[in-house]
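J.: Below: one structure in C-alpha cells.
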Amino acid sequence: MTAPTSTAASSSLLTSVTQIRTCLGPSDGGYPRNRRLNPVQRLRLPLRLYTAPFCISCFLNNRSGKHSRISIALPAAFVEKSASHLPAASAIPQDDDSTKHKTLLMESYHEHQKLKILLAKLNMKGSCPLQILHDDGDWSKDQFWFTIRFLKHSFRSEEVLQVYNVWKDREKSRINELNYEKIIGLLGEEGLMEDASLAFNEMKSFGLSPSKQIYNSLIHGYAKSGKFDDALFYLSQIKEMNLSLESYTYDGLIQAYGKYKMYDEMGMCLKKMEMDGCSADRITYNLLIQEFSRAGLLARMEKLYQSMRTKKMNSQSSTLIAMLEAYVKFGMVEKMEKILKRVWKSKANLKEDLIRKIAKIYIENFMFSKLNDLGDNLSSRIGNTDLVWCLRLLSNACSLSKQGMESLIRGLKESKVSWNVTFVNIVLLAYLKMKDFSRLKILFSELTNLRVEPDMVTVGILFDAYDLGFHGIGILNSWRRMGILYRCVEMETDPLVLTAFGKGKFLRSCEEAYASLEPNAREKKWTYSDMIDLVAKNNRKEQPQLKVDE
Numbered sequence: 001m002t003a004p005t006s007t008a009a010s011s012s013l014l015t016s017v018t019q020i021r022t023c024l025g026p027s028d029g030g031y032p033r034n035r036r037l038n039p040v041q042r043l044r045l046p047l048r049l050y051t052a053p054f055c056i057s058c059f060l061n062n063r064s065g066k067h068s069r070i071s072i073a074l075p076a077a078f079v080e081k082s083a084s085h086l087p088a089a090s091a092i093p094q095d096d097d098s099t100k101h102k103t104l105l106m107e108s109y110h111e112h113q114k115l116k117i118l119l120a121k122l123n124m125k126g127s128c129p130l131q132i133l134h135d136d137g138d139w140s141k142d143q144f145w146f147t148i149r150f151l152k153h154s155f156r157s158e159e160v161l162q163v164y165n166v167w168k169d170r171e172k173s174r175i176n177e178l179n180y181e182k183i184i185g186l187l188g189e190e191g192l193m194e195d196a197s198l199a200f201n202e203m204k205s206f207g208l209s210p211s212k213q214i215y216n217s218l219i220h221g222y223a224k225s226g227k228f229d230d231a232l233f234y235l236s237q238i239k240e241m242n243l244s245l246e247s248y249t250y251d252g253l254i255q256a257y258g259k260y261k262m263y264d265e266m267g268m269c270l271k272k273m274e275m276d277g278c279s280a281d282r283i284t285y286n287l288l289i290q291e292f293s294r295a296g297l298l299a300r301m302e303k304l305y306q307s308m309r310t311k312k313m314n315s316q317s318s319t320l321i322a323m324l325e326a327y328v329k330f331g332m333v334e335k336m337e338k339i340l341k342r343v344w345k346s347k348a349n350l351k352e353d354l355i356r357k358i359a360k361i362y363i364e365n366f367m368f369s370k371l372n373d374l375g376d377n378l379s380s381r382i383g384n385t386d387l388v389w390c391l392r393l394l395s396n397a398c399s400l401s402k403q404g405m406e407s408l409i410r411g412l413k414e415s416k417v418s419w420n421v422t423f424v425n426i427v428l429l430a431y432l433k434m435k436d437f438s439r440l441k442i443l444f445s446e447l448t449n450l451r452v453e454p455d456m457v458t459v460g461i462l463f464d465a466y467d468l469g470f471h472g473i474g475i476l477n478s479w480r481r482m483g484i485l486y487r488c489v490e491m492e493t494d495p496l497v498l499t500a501f502g503k504g505k506f507l508r509s510c511e512e513a514y515a516s517l518e519p520n521a522r523e524k525k526w527t528y529s530d531m532i533d534l535v536a537k538n539n540r541k542e543q544p545q546l547k548v549d550e
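Numbered by full-length UniProt numbering, the letters in the sequence shown go through residues 1 to 550 in order.
Written out as C-alpha cells, the structure is:
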C-alpha cells in the first residue's frame, strides 16, 4: 500500500529535522553546521550524514500507523548530473544488502522520532533533564549528546555535569576519556571551572589518564576567568605527565593575559614557551601583535611584526586591522598608509567606524585626494554606498574642484542614486566656499525636486551665505510657506562633513545661545524658527525677517 503524498505531513517532519540539527553536530549524524548542501553534494557525503533526512523523505506514517514508501521523481537534468556519483549497476546492493540498507533507514528514522520526542520534552516550561532521563529509563549516545547541546544553547550549562554523572552510572562503559574530554571542554568554554575541576578529579579517581586536550581546556578556562595560578598549576602538570607541549596551550594563556592587560606577563609567557622547547607559530605571533596593538604598545607590536615577516609567516587580516587601528589612534599617517595598503590586498573588510576615523585623519592632514581613493577601495568591496559617495564628494569639495564636483553630480544622476541632505550640504558648502552664489541658489531651489528636506546644517549654510552677501530671503520665505521652519530641529548631515568644513558662524551661534539657556528651557522641542529667533536675540542684531514677500 502506497501512503498518500501529504505535503503537510512531510513538511512537519522536515521542520522537526531543522530543529534537531541545531543540537546535532557532524559527529552525531547531523549536517555540518553553517553549510547548505545541494543534492549532488549530499551524494558525496557518508551515509551517516544524510540518512535521517533521506529516510524522512522516503517514509511517512499513514493513518493506520504503518510505514509506507513514497516515490520521489527527480528531474532528468539532476539525474544526468548526479550519474557519475552513483554506484555502477553491479555495485547496487541486492537481496540481503538491500534489506540491511532498509533496516538502517528504519533505525535512523526511529532514532529521529526519539530525538523529536525528547526535544518536545526539553522545550517544555520548567523541564528537568534528570527527571526526563529517569522517566525514559536510559538514553542512547545520540540522545545524551543531543541533551547536552540543548542545555548549552539554552544557557543551562550548569546542569551538564549532573546529567552526565547520572547517565554514565547507567552503563560503566560510558566512563571513558573521550566523554570526559568533551564534558570538561564544554565546561571550560562556559567558564564553569569548579565543575570542570570536579570532573577532572573524578576521572582520575576512575584510573583514567587525562589527555593533553583536557589539560588545555582547564588551562584556558582558568586563564579566561583570571585565575592564572590555577592555570599555571595545570600547565606544570602537563610537564610532570611528560605530555608534549604545543603552542596552542600557550596561545590561550597569552590571549587571557591580553584580556586582563597583563602585557609584561605576555612577554614572559613567550619566553617561557621558547624555554620549554615550544616554538611560537603563526597563531602565537598574530595573537601577540593583536594584543600589543590594542594596548598601544607600538614598539613591541612592530618588533613582533618584523620577526613574523622575517620568518615568512602570514599575518591574519585581523592582525593587520588591529595594527591599522593602533596607527589611526595615534595619527601616524605614513605607517597607517603602509598597513592600509596591505589590508586592501588581504581583501579584509573594514568596519564603517574605522573608515570614518581614517577619513578624519586624511581631512585633518589636508590629504583630500586620499578620500577619493578610500571611497574607491571601499566601493570595490561593498558597492557604491552613501558613505562611498560622501567620501568622493568630500574629496572634490574640499579641493574646491568644480570639474570634479560636476562629474560626481552627473555620476549620481546616471547611477540613479537618491540624494540626501549630506550630499546636498557637501555641495552647498563647496559652492559657499567658492562664493559661487548662482550655483548655490540653483541647488537651494532644487531641494524640493530632489526630495531632500533641509536640516540644521542647511539652515546654517543659508544664513552664513546671507552674511557674505547672498540674497536668500526668497528661499527662507519658501521654507516658511512649506512649514519647514516650524519643524523640530534635526541634524542629519554626516559628521564627516562638519569635520571637513567645520561649523559655520550660524551653527556656532546656535550652540552658544543654547548653552546660555536654563536647563528647563533646553528641554522644550525647538524648531528652526525658534533657533533663528534665539540667535537673533542673543546676538542683538538684525536677522532676515521671517515673512512672505507681498
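Note that the Cβ used here is the ideal one computed from N, Cα and C, for glycine as well.
Here the structure is a predicted model, which means the values were calculated and not measured.
Would residue 266 pass as a contact of residue 288 if the rule is Cβ separation under 8 angstroms?
T.: Going by C-beta atoms, residue 266 is nearer than 8 angstroms to residue 288.
J.: State the DSSP-derived secondary structure class of residue 278, mapped to helix, strand or coil.
T.: Reduced to three states, the DSSP call for residue 278 is coil.
J.: Just how far apart, CA to CA, sit residue 307 and residue 314?
T.: Each residue's alpha carbon lies about 11 angstroms from the other.
J.: Whose CA, out of 398, 353, 189, lies closest to the CA of residue 369?
T.: With distances taken between Cα atoms, residue 369 lies closest to 398.
J.: Enumerated in chain order, which unbroken segments of the alpha helix (DSSP H) with a length of 4 residues or greater are wholly contained in the region 215-246?
T.: 228-240, all fully within the region 215-246.
J.: Exposed or buried, residue 435, counting other C-beta atoms within 10 Å across all chains shown (16 or more means buried)?
T.: Residue 435 should be labelled exposed.
J.: Between the region 455-475 and the region 356-365, do three or more beta carbon pairs fall short of 8 angstroms?
T.: At 8 angstroms Cβ cutoff, the stretches do not touch.
J.: Taking one C-beta from the region 233-246 and one from the region 254-270 each time, how about it: are there three or more such pairs within less than 8 angstroms?
T.: Judged by Cβ distances under 8 angstroms, the region 233-246 makes no contact with the region 254-270, as fewer than three pairs qualify.
J.: Report yes or no: do the region 402-410 and the region 440-447 share at least 3 C-beta pairs separated by less than 8 angstroms?
T.: Touching, no, given that fewer than three Cβ pairs across the two stretches are closer than 8 angstroms.
J.: When DSSP builds the beta bridges, which residues end up paired with residue 527?
T.: Bridge partners of residue 527: 488.
J.: Counting only the same chain and skipping the five closest in sequence on each side, list residues whose C-beta sits under 7 angstroms from that of residue 327.
T.: Taken in chain order, the residues that qualify are 335, 336, 339.
J.: Less than 8 angstroms separating the beta-carbons of residue 488 and residue 458?
T.: Against a cut-off of 8 angstroms, the Cβ pair of residue 458 and residue 488 comes out as no contact.
J.: State yes or no: is the C-beta of residue 333 within less than 8 angstroms of the C-beta of residue 361?
T.: Contact flag set, yes.
J.: Return helix, strand or coil for residue 27, following the three-state DSSP convention.
T.: Reliability fails at residue 27, whose pLDDT of 44 lies under 50, so the model's placement of it is uncertain and no value is given.
J.: Can you name, in chain order, every residue of its own chain whose Cβ lies under 8 angstroms from the Cβ of residue 345, other than the five neighbours on each side?
T.: Closer than 8 angstroms at Cβ, skipping near neighbours: no residue.
J.: At what residues does the alpha helix (DSSP H) containing residue 149 begin and finish?
T.: From DSSP, the alpha helix (DSSP H) with residue 149 extends over 141-153.
J.: What does a CB cutoff of less than 6 angstroms around residue 212 pick up in its chain, not counting 5 residues either side in sequence?
T.: Closer than 6 angstroms at the Cβ level, and outside the excluded window around residue 212, lie 243.
J.: Can you list the alpha helix (DSSP H) stretches of 4 or more residues lying completely in the region 448-529, in chain order?
T.: DSSP runs (the alpha helix (DSSP H)) wholly in the region 448-529: 456-467, 473-481, 495-501, 505-515, 519-522.
J.: Is the separation between the beta-carbon of residue 148 and that of residue 163 shorter than 8 angstroms?
T.: Yes. Within cutoff.
J.: Short check: CB of residue 251 to CB of residue 283, under 8 angstroms?
T.: A contact, by the Cβ cut-off of 8 angstroms.
J.: Please report the straight-line C-alpha distance between residue 411 and residue 296, rounded to a whole angstrom.
T.: C-alpha separation (whole angstroms): 41 angstroms.
J.: Going by C-alpha distance, which of 170, 117, 137 is nearest residue 146?
T.: Nearest option by C-alpha distance: 117.
J.: Return the chain-ordered ranges of every alpha helix (DSSP H) run that is complete within the region 308-349 and spans a minimum of 4 residues.
T.: If we require 4 residues or more, the alpha helix (DSSP H) runs fully inside the region 308-349 come out as 317-329, 333-345.
J.: Which residue wins for smallest C-alpha separation from residue 129, given the options 154, 113, 105?
T.: Cα-wise, what sits closest to residue 129 is 154.
J.: Using CA atoms only, rank isn't needed, just tell me which of 111, 191, 123, 208 is closest to residue 227.
T.: Ranking the options by Cα distance to residue 227, first place goes to 191.
J.: How long is the line joining the alpha carbons of residue 109 and residue 381, rounded to whole angstroms?
T.: The straight-line gap from Cα to Cα measures roughly 45 angstroms.
J.: Any idea what DSSP makes of residue 208, helix, strand or coil?
T.: It is coil, neither helix nor strand.
J.: Among the residues of its own chain, which have a CB less than 8 angstroms from the CB of residue 317, if the five just before and after it don't count?
T.: Cβ neighbours of residue 317 beyond the five flanking positions: 343, 346, 347, 348.
J.: Would you please state the rounded distance, in angstroms, between the beta carbons of residue 417 and residue 454? I believe it to be under 8 angstroms.
T.: So it is not a contact: roughly 19 angstroms between Cβ atoms.
J.: When burial is assigned at 16 or more other CB atoms within 10 Å of the CB, is residue 131 buried or exposed?
T.: Label assigned to residue 131: exposed.
J.: Going by C-alpha distance, which of 225, 301, 509 is nearest residue 534?
T.: Of 225, 301, 509, the residue nearest in Cα terms is 509.
J.: If distances are taken between C-alpha atoms only, which option among 523, 481, 463 comes closest to residue 532?
T.: The candidate whose alpha carbon is nearest that of residue 532 is 463.
J.: Which of the three DSSP states is assigned to residue 415 in this structure?
T.: Three-state DSSP puts residue 415 in coil, outside helix and strand.
J.: Just tell me which of 520, 490, 446 has its CA closest to the CA of residue 507.
T.: Nearest option by C-alpha distance: 490.
J.: Looking at the secondary structure, which residues open and close the alpha helix (DSSP H) in which residue 392 lies?
T.: Its alpha helix (DSSP H) spans residues 386-398.
J.: Report yes if the C-beta distance between residue 217 and residue 196 is below 8 angstroms; otherwise report no.
T.: Yes, the pair counts as a contact, with Cβ atoms nearer than the cut-off.
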